[in-house]
Structures are given as C-alpha cells and as structure tokens.
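Read the structure below first, then the notes.
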Amino acid sequence: ADVKNIGSGRAGGSILGAQFLQRFVNDVPWAHLDIAGMAWSTKDAPTVPKGATAFGVRLLDQFVAEHYERE
16 ADVKNIGSGR AGGSILGAQF LQRFVNDVPW AHLDIAGMAW STKDAPTVPK
66 GATAFGVRLL DQFVAEHYER E
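The working numbering numbers the first residue of the sequence shown as 16 and each following residue consecutively.
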C-alpha cells in the first residue's frame, strides 16, 4: 500500500495497515508484515547495503523461494 500508517499515540500503526489491506483482499489468504526499512546502514557491507537495509525482506524472499516457488 502506498499509504503511510498513522496511529494516534505510540501503538497501532502496523495494525492499521493490516486493517486497510483487509478491505481489499476478500477471501484471498494474505499476511501483513511490517518489516521494511527497520534499520539504516551508513556504509556498504557484503551483506548489508548502504542506506535503508530493509531488514528481514531478503530473509523472507529466500524463505518463499526455497519453500513455495516451483521450478
């Protein structure tokens, strides 16, 4: 979704994103993972790029590739 999650107070931001998505998926199984952009790296490293690291995204991508993609 191209919408910023905005919650009042300290809690509720990610659940608001999930509730927003729920309105559009109908009976399609889905999951909302609030994982992108959790960390920032000031320099390039072999396993972490400079800038937003998107911590967890590559791990999830690898998991899906290994367990759900067909050759």
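Note that the Cβ used here is the ideal one computed from N, Cα and C, for glycine as well.
What you are looking at is a predicted structure, and each value in this text was computed from that prediction instead of being measured.
**Report entry** Buried/exposed call for Gly-66, threshold 16 Cβ in 10 Å
**Finding:** Burial is judged here by how many other beta carbons sit within 10 angstroms of a residue's own beta carbon; Gly-66 has fewer than 16 and is exposed.
Report task. Take Val-72 as the anchor and find which of Ala-54, Glu-84, Arg-85 has the nearest alpha-carbon. Result -> Ranking Ala-54, Glu-84, Arg-85 by Cα distance to Val-72 puts Ala-54 first.
Query raised in the report: Comparing alpha-carbon positions, which option in Ala-33, Leu-36, Ser-56 lies nearest Ala-69?
Result: Ranking Ala-33, Leu-36, Ser-56 by Cα distance to Ala-69 puts Ser-56 first.
Requested in this report: Give the straight-line distance between the Cα atoms of Gln-34 and Leu-75, rounded to the nearest whole angstrom.
Outcome: Just so you know, the alpha carbons of Gln-34 and Leu-75 end up roughly 22 Å apart.
Query raised in the report: Looking at the structure shown, is Gly-71 part of a helix, part of a strand, or coil, going by DSSP?
Result: Coil.
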